[in-house]
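First up is the structure itself, then whatever we jot down about it.
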Amino acid sequence: MEKKVSLRKAIIGYTVVGEFRYIQTKRSMEVNEKMKSNKHFFNFNSIRFKVLGSYLLLLGLVLTVGVLSYWNASKTIIKNYETSTKQSLDLLREHIEYGFDSVKSTAVEYLMNADLNKYLSGGFESDYNQQSKFYNRMNTEILTKASANHFISNIYFFSDTVSPLSTNRKLPLGMYSSYKNSEQGKSVLENINTYEWVKGTSVIDESLKIKKESYAIRLVKAFKEMDAFLAIDIKTDAILNIIDKIDVGEGGYLSFISSDGMELHQDGVWNTLIIDTDFYKMARDGEILEGEFKEVSFLENNYIFLYEMVGDTNTMVCTLIPNSELLNQAISIKYVAMSAMFVASILVVLIGGSIYHRISSSMKYMITNMRLIAEGQINTRFRRKHKDEFMELSGHLNSMMDGIHDLLLEVKSVSSQVLTMSVKVSKSSEIFAESSGQISCAMNDIEGGLSSQATDSISCMNKLDDLASQIGLVDDGTRKMQDIADKTKESIHESLSQMETLREKATKTNHITQTVIETIKELHTQSSAISQIIKTINEIADETTLLSLNASIEAARAGDAGRGFLVVAEEIKKLATQSIAATDEVKIIVDKINKKTISAVTSAELAGETITSQEQAVRNAKGAFDGLKQEVENLMVTIHNIFDQVNRMQDKKQESLTDMENISAVIEEIVSSATSVGEKTLSQSETANGLYKTSEEMVNQANKLMKTLEQFAIEKKR
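Residue numbers for the sequence shown, in my numbering: 863 to 1580.
See below:
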């Protein structure tokens, strides 16, 4: 038992050592290849590349987050700046609208002033003192109003009938007619129900020598009930004070643009920089919506254009903000983001480099020790100072190497026993192979004799099968003859039944034919009677005709008194004539019926004679079928006797076949057993030869095992 255990351990040890040696050789080749490939720094399969790639990816993500943060923050700041600018422009527009509304309220106040309307219409011409007082008082009032309202520069009232009123200087007479005939005056009169806000050169400016830059815009309104105009100038400084409150940055523009295209900028200069641009024209045409930011090109730079319309004055406030100003809002965030990305990048590089250096040094140490083990230094062990995964891996590798070391020592101790046992097994296998060969030859001879006997038995059985087949054919023929006789008997019986039925139907047909003949003869007799009746009807009709003729003669004699009777006589004559015609037609029909009945009687008598002869023929055929039936019954008795004899032959045949099958089965079992024994003997012989060869190979492998174990540097543990 101990020898078997030792042998099993030796075989297992040999297998393990062989596999280990194979793995050792393969690993050595792979390690050498990897060492060569690791000389290239950018080996895409190396851990070094993957670790560096991971940290570079992390660095890229940090940079991406920084860029996205800057982009999002700058976008938000620009959006907030645009919103703030729009709100400021809205407030500016509302402030200007408020000033214009106050000016419009002042205009309404004067337009509704009854004394002023009376003065301008010439109502004070009859009283010069009162007119002079009102003139002085009104001049003082409008001067006070202009001083009190910081939007109003000058106020003008002028008509051709009285002296004009003005806060600036005295206007000449005839100013109304001059202004009415100007383009501005015509426009004001055409839109008499609205307030006109104008800026261009006018008769008022020329008469008073007023510069266009001295006022921002002028409100003009015509009086409805008289030929007079009201004009109020808006201060340029009032508009400048409002638009100067918004800072559009360096290089930006904020302008107030009148309806006739005059631009007032924050620096107080009037010019035409914007009105000739395409985006201004688009804004005037409504292609750019009010309050919508639009990127435009202006003076070879990129700007953001925004505008607001001032009430119903057809004036506009607009701003042009340089794109650089918007980007400057995000410069601080850009620097903060860049600083954060730089610090994060440095930290990623330092931390990643430290971790990479530790992993790289650990991997180099592990690879070096693995290469020593692959070269046969089994006593090599792994030692690590850092408490990480590599330390745990080193512990498991050391445990594995201890197990391999103990296994190799065990294999080395039993390898000599394996060699001795292999030699003994080889000799025993050789003797066993020779004995198996001799037994196989003897079984081949026995198998040959049994095969010959089995062949003879099969030949005899085949001949019995042929005989049985012939008997079976006779049996089948007898059965078919019996079936045919049975069917013939049934056919004769059925034919007899049909012949009897035919005879009965022929008899009935003969009786029916006689009845038909009698009926037709009776019909002929009745037709003759109809002829007599027709003859009588004709005689009556002739008499009726004579009577109607006599009646007509008597009616003619009676004159007018007999006219009614004459009509009746004529009708009776017509009826008699129709009766004669009808009886003639009936007579023709009766003659035809008589001819047909005579022909039918003749045909019926011939049919009766034919049916009588058919009835006799049916009786004769029935007698012939009765004789045939008797002969068929005799044939069936003979066939039945033959069938009984064939059945007895079938029974004997079956007994003979059963006996031969039993003999053949016994022989087949013997041949099968002999064949099985021969095959097993041959297989045993082949197995013995294989065992012998295996034992020889085992001896060779045991020798190789000894040589292989000598290559390992194995030391026993103390």
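All residues carry an ideal CB built from backbone N, CA and C; glycine is no exception. Since the model is a prediction, treat every value here as computed from it, not as a measurement.
* Asked: For residue 1024, which three-state DSSP category applies?
  -> It is coil, neither helix nor strand.
* Work out the CA separation of residue 1231 and residue 1224 for me, nearest whole Å. => Cα to Cα, residue 1224 sits roughly 11 Å from residue 1231.
* Taking all protein chains shown into account, decide if residue 816 is buried (16 or more other Cβ within 10 angstroms of its Cβ) or exposed. => Nothing can be reported for residue 816, as the shown portion of the chain is limited to 863 through 1580.
* Asked: Which class does residue 1172 belong to by DSSP, given the choice of helix, strand or coil?
  -> If DSSP states are grouped into helix, strand and coil, residue 1172 belongs with the strands.
* Give, in chain order, every unbroken run of the alpha helix (DSSP H) that is at least 4 residues long and sits entirely within the stretch 1047-1111. => Complete alpha helix (DSSP H) runs here, min 4: 1065-1070 and 1098-1105.
* Express the C-alpha separation of residue 986 and residue 1121 in angstroms, rounding to a whole number. => Spanning the two alpha carbons is a distance of roughly 38 Å.
* Counted within 10 angstroms of its Cβ, other Cβ atoms place residue 1479 as buried (16 or more) or exposed -> Residue environment: residue 1479 is assigned as exposed (fewer than 16 neighbouring CB atoms within 10 Å of its CB, all protein chains considered).
* To do: Starting from the N-terminal side, write out each stretch of the beta strand (DSSP E) that is 3 residues or longer and does not extend beyond the stretch 1109-1140.
  => You should have 1115-1119 and 1125-1127.
* Give the C-beta separation of residue 1117 and residue 1101 to the nearest angstrom, bearing in mind that I take them to be a contact with Cβ-Cβ under 8 Å. => Not a contact, Cβ separation roughly 10 Å.
* To do: Name the residue from 1471, 1566 and 1355 whose alpha carbon lies nearest to the alpha carbon of residue 1488.
  => For the residues 1471, 1566 and 1355, the minimum Cα distance to residue 1488 belongs to 1355.
* Would you check if the distance between the CB atom of residue 854 and the CB atom of residue 1155 is smaller than 8 Å? => Examination of residue 854 is not possible in this model, given that the chain is present from 863 through 1580 alone.
* With C-beta atoms as the reference, is residue 1038 less than 8 Å away from residue 1089? -> It is a contact, given that the beta carbons lie within the stated cut-off.
* Expressed to the nearest angstrom, what Euclidean distance is found between the alpha-carbon atoms of residue 959 and residue 923? -> In a straight line, the C-alpha of residue 959 is about 53 Å away from that of residue 923.
* **Nearest candidate by alpha-carbon position, reference residue 1065, set 1382, 999 and 1018** => Closest option to residue 1065, Cα to Cα, is 1018.
* **Range covered by the beta strand (DSSP E) that runs through residue 1157** => Residue 1157 -> beta strand (DSSP E) spans 1156-1160.
* Asked: Between which two residues does the alpha helix (DSSP H) harbouring residue 1000 extend?
  -> Residues 990-1010.
* With DSSP as the reference, label residue 1580 as helix, strand or coil. => Unreliable placement is indicated for residue 1580, whose pLDDT of 49 sits below 50; no coordinate value is reported for it.
* Asked: Taking Cβ to Cβ, would you say residue 848 is nearer than 8 Å to residue 1161?
  -> This structure gives no information on residue 848, because the portion of the chain shown stretches from 863 to 1580.
* Rounded separation between residue 1380 and residue 1446 - CA only -> Approximately 28 Å between the Cα atoms of the pair.
* Buried/exposed call for residue 1492, threshold 16 Cβ in 10 Å -> The residue in question, residue 1492, is exposed, as its Cβ has fewer than 16 Cβ neighbours within 10 Å.
* **For residue 1282 and residue 1243, the rounded distance between their alpha carbons** => Computed Cα separation, rounded: 35 Å.
* Asked: Is it buried or exposed for residue 1061, if we count other Cβ within 10 angstroms and need 16 for buried?
  -> With 16 or more Cβ atoms within 10 Å of its Cβ, residue 1061 is classed as buried.
* Asked: residue 1079: which of 1057, 1531, 1069 and 1085 sits nearest, CA to CA?
  -> In terms of CA proximity to residue 1079, 1057 leads the group 1057, 1531, 1069 and 1085.
* Own chain, CB closer than 6 Å to residue 1023, minus 5 neighbours either side, in chain order -> The residues are 984.
* Does the distance from the C-beta atom of residue 1125 to that of residue 951 stay below 8 Å? -> No, the Cβ-Cβ distance between residue 1125 and residue 951 is not below 8 Å.
* Asked: By Cβ distance below 7 Å, which residues in the same chain neighbour residue 1069 in space, the five residues on each side in sequence not counted?
  -> Correct list, in chain order: 1033, 1034 and 1037.
* **residue 1482 to residue 1475 span [Cα, whole Å]** => The alpha-carbon atoms of residue 1482 and residue 1475 are separated by roughly 11 Å.
* Would you say residue 1286 touches the ligand SAM, meaning its beta carbon is less than 7 Å from a heavy atom? -> By its list of ligands, the structure shown contains no ligand whatsoever, and the ligand SAM lies outside what it can speak to.
* Would you list the one or two residues that DSSP bridges to residue 1034? => Paired residue(s): none; residue 1034 is not in a bridge.
* Taking the C-alpha atoms as reference points, what is the distance between residue 1083 and residue 1040? -> Their Cα atoms are separated by approximately 15 Å.
* Asked: In chain order, which alpha helix (DSSP H) runs of at least 4 residues are fully inside the stretch 1379-1427?
  -> Runs of the alpha helix (DSSP H) lying entirely within the stretch 1379-1427, each at least 4 residues long, are absent.
* Which residues DSSP lists as bridging residue 1018, in chain order -> Residue pairing by DSSP places residue 1018 opposite 1028 and 1093 in a beta bridge.
* Asked: If residue 1210 and residue 930 are in contact, beta carbons under 8 Å, what's the gap, nearest whole angstrom?
  -> No, residue 1210 and residue 930 are not in contact; Cβ-Cβ is about 17 Å, not under 8 Å.
* In three-state terms, what does DSSP make of residue 1556? -> Assigned with DSSP and collapsed to three states, residue 1556 falls in helix.
* **contact_flag[the stretch 1332-1347, the stretch 1430-1438] where n(CB pairs < 8 Å) is 3 or more** => Counting Cβ pairs under 8 Å, fewer than three are found: no touch.
* Can you tell which of 1357, 1145, 1306 and 1407 has its C-alpha closest to the C-alpha of residue 1544? -> The shortest C-alpha separation from residue 1544 is found at 1306.
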